[in-house]
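So the structure is just underneath, and the comments pick up after that.
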């Protein structure tokens, strides 16, 4: 049975940017427009996550990072994150800079990257575009 209380205790680590920081991450002087992406990536089977426990050393472009939990045991099975990048390839490059990749926790073949628009960023992209004109 799903319990909000048990989930909230399990999810003690998260990384978020304040709206001002998110706005700055969308603004760029590059001619290539930046977009927001959602990533879901699973851990390698049987991997020990202790090497990355509590490690918040993630690229600035990641403005949200959370853990994917097993429904029964609440053990971490992977991560989901949102980031602002110029392309899906840049997302992959940033994933390779994380401790999760460097310590061999993530199975990169399971990474699913998709376009994302949130209520917090939908108007920021247009504002960043206006600033470039």
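Numbering (this note's numbering), first residue to last: 86 to 218.
Glycine residues also receive a C-beta, built at the ideal position from the N, C-alpha and C atoms.
Please classify residue 194 as buried or exposed, where buried requires at least 16 neighbouring CB atoms within 10 angstroms. The sequence position of residue 194 within the chain shown is 109, counting from 1. By the 10 Å Cβ count, residue 194 comes out exposed.
Should residue 124 go down as buried or exposed, given a rule of 16 or more other Cβ atoms within 10 Å for buried? Numbered from 1 along the chain shown, position 39 holds the residue referred to as residue 124. By the neighbour-count rule (16 or more Cβ atoms within 10 Å), residue 124 is buried.
In angstroms, rounded to a whole number, what distance separates the CA positions of residue 138 and residue 174? The residue labelled residue 138 in the question sits at position 53 within the chain shown. The residue labelled residue 174 in the question sits at position 89 within the chain shown. Spanning the two alpha carbons is a distance of roughly 26 Å.
Whole-number beta carbon distance between residue 165 and residue 179, since they are thought to touch under 8 Å: The residue you call residue 179 lines up with position 94 of the chain shown. The residue you call residue 165 lines up with position 80 of the chain shown. Not a contact, Cβ separation roughly 15 Å.
State the DSSP-derived secondary structure class of residue 129, mapped to helix, strand or coil. Locating residue 129 in the chain shown gives position 44, where the first residue counts as 1. Three-state result, residue 129: coil.
Taking residue 119 as the reference, give the member of 170, 199, 163 with the closest Cα. Here residue 119 is taken as the residue at index 34 of the chain shown, counted from 1. Among 170, 199, 163, the Cα nearest to that of residue 119 belongs to 170.
Taking residue 182 as the reference, give the member of 127, 144, 134, 121 with the closest Cα. Here residue 182 corresponds to residue number 97 of the chain shown, with the count starting at 1. Checked all of 127, 144, 134, 121; the closest Cα to residue 182 is 144.
Work out the CA separation of residue 129 and residue 136 for me, nearest whole Å. Taking the chain shown and counting its residues from 1, one reaches residue 136 at position 51. Taking the chain shown and counting its residues from 1, one reaches residue 129 at position 44. For residue 136 and residue 129, the distance between alpha carbons rounds to 14 Å.
C-alpha distance - residue 190 paired with residue 204, whole-angstrom precision: Walking along the chain shown from the start, residue 190 turns up at place 105. Walking along the chain shown from the start, residue 204 turns up at place 119. Rounded to the nearest angstrom, the two C-alpha atoms are 31 Å apart.
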